[in-house]
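Engineer: Numbered according to the numbering used here, the sequence shown spans residues 49 to 148.
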Amino acid sequence: MSITVIDVAKAAGVSRTTVSNVFNNRAKFSEETRNAVLTAAKNLGYKPNLAAKSLITNKSRLVGMILPSYVDINTLTNSPFYNIIIDSVYWCCVMKPITT
């Protein structure tokens with residue numbers, strides 16, 4: 049079972065909301081509180097659940113590409129057309145993240 053924000057909150061001795069706000073830099077906290085939350089998260093091995101986060105924020109930050117059925121791995125790697133498109137999507141979404 050994975051470590052949740054609730055587990056981090058219990059270990060740090062703060063509320064779940066405080067942990068969420070510390071992770072998302074939403075409010076001002078004392079350095080003591082911030083360090084307690086971050087230390088607890090590190091000690092427990094907390095990793096954010098991106099699927100849960102996307103359900104809450106309604107933002108998945110995923111890009112889908114629909115390709116014709118005749119496109120296989122050789123076509124994707126050897127075709128300059130598909131390389132340009134994939135590189136452009138990569139550059140736009142990874143190298144220069146979308147800000148909203």
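Positions of the beta carbon are idealized from the N, C-alpha and C atoms, including for glycine.
#1: Is residue 74 helix, strand or coil by DSSP?
#2: Buried or exposed for residue 65, please, with buried defined as at least 16 other CB atoms from any protein chain shown within 10 angstroms of its CB.
#3: Within the same chain, show all residues whose beta-carbon is closer than 8 Å to that of residue 148, passing over the 5 residues directly before and after it, in chain order.
#4: Using the C-alpha atoms, what's the distance from residue 109 back to residue 128?
#5: Once DSSP output is grouped into helix, strand and coil, what is the label at residue 95?
#6: Locate the alpha helix (DSSP H) running through residue 136, then write down its first and last residues.
#7: Grab the span of the alpha helix (DSSP H) containing residue 142 for me, first residue to last.
Structural biologist: If we stick to the structure as given:
#1: coil
#2: exposed
#3: Residue placement at residue 148 cannot be trusted, given a pLDDT of 49 that sits under 50; what the coordinates show is reported in the next sentence. Excluding positions up to five away in sequence, the list reads 107.
#4: 26 Å
#5: coil
#6: Element bounds for residue 136: 128–138.
#7: No alpha helix (DSSP H) holds residue 142; DSSP gives it neither H nor E.
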